[in-house]
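Letter by letter, the sequence shown follows residues -17 to -1, 1 to 137 of mature numbering (1 follows the signal peptide of the UniProt record, and there is no 0).
Ideal Cβ positions, reconstructed from N, Cα and C, are used throughout, including at glycine.
A short write-up of the structure that comes next.
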Amino acid sequence: MKRVILRVMMLVAMASAAVTMSVHTSSKEVKASEKGDAVVEYAKNFVGNRYRYGGSSLTNGTDCSGFTRGVYKKFGKRLPHSSSAQRRYGKKVKGGIKNAKAGDLICYSGHVAIYMGNNKIVHASNSAPYPRGGIKISNNARYRRIVTVRRIVK
């Protein structure tokens, strides 16, 4: 039953993301914040799913880089399955977290997350509160020292 509900939620989120991205027909380029918001909305569908070291399944278990890789795959981006390699992907955001937008990658030493805005991140973590970790939203993007912020969607 939980899987059916999750699938329905994913379909609703994907449909709303598609509507959001197709509304601006007068301009060929969708603003970064709109694409970033779509990335965040899609990523939120997986909150509560389990953490698995080396995993890349958004529904059956993933680690941090597998999570960001899986989310961005939906948007046509091919990120490597390594948090350190993802630090070099996309465009560096000058000014770091102060200039971060929704959908940007927040890269830490040995960890990566997706910035949601308002100092929040969505990420796969092997620490509490979920048993054995999981995909969760954290209210402090600066909970660890940030190495770099990368813009993936333009």
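Endpoints, alpha helix (DSSP H) assigned at residue i
i    : result
R134 : Run containing R134: none in the alpha helix (DSSP H); it sits in the beta strand (DSSP E), I129 to R134.
G117 : Taken as a continuous stretch (DSSP letters only), G117 belongs to no alpha helix (DSSP H), being part of the beta strand (DSSP E) at G117 to S121.
Y55  : C47 to K56
Inter-residue spacing [alpha-carbon to alpha-carbon] between residue i and residue j
i    : j    : result
G73  : R125 : 21 Å
I89  : K81  : 12 Å
S110 : R70  : 22 Å
G44  : G37  : 9 Å
S121 : V105 : 6 Å
G93  : F29  : 21 Å
K103 : A96  : 10 Å
I135 : S16  : 11 Å
A26  : K119 : 10 Å
V76  : D46  : 24 Å
A85  : Y98  : 5 Å
Residue i classed as buried or exposed, judged by whether at least 16 other C-beta atoms fall within 10 angstroms
i   : result
N32 : buried
R52 : buried
G78 : exposed
K18 : buried
G59 : exposed
R61 : exposed
Backbone secondary structure at residue i - three-state DSSP
i   : result
T42 : coil
A68 : helix
Close Cβ partners of residue i (< 6 Å) along its chain, the five nearest in sequence each way excluded
i    : result
G116 : Y34, S108, N109 and S110
Own chain partners of residue i with C-beta closer than 8 Å, once the 5 adjacent residues on each side are dropped
i    : result
P63  : S48, R52, Q69 and Y72
V130 : R70, C90, Y91 and S92
Chain-order list of residues whose beta-carbon lies under 7 Å from that of residue i (same chain, five-residue window excluded)
i   : result
S65 : S48
S39 : T45, G49, R52, G53 and H64
Host beta strand (DSSP E) of residue i (start-end)
i    : result
K103 : K103 to S108
A96  : H94 to G100
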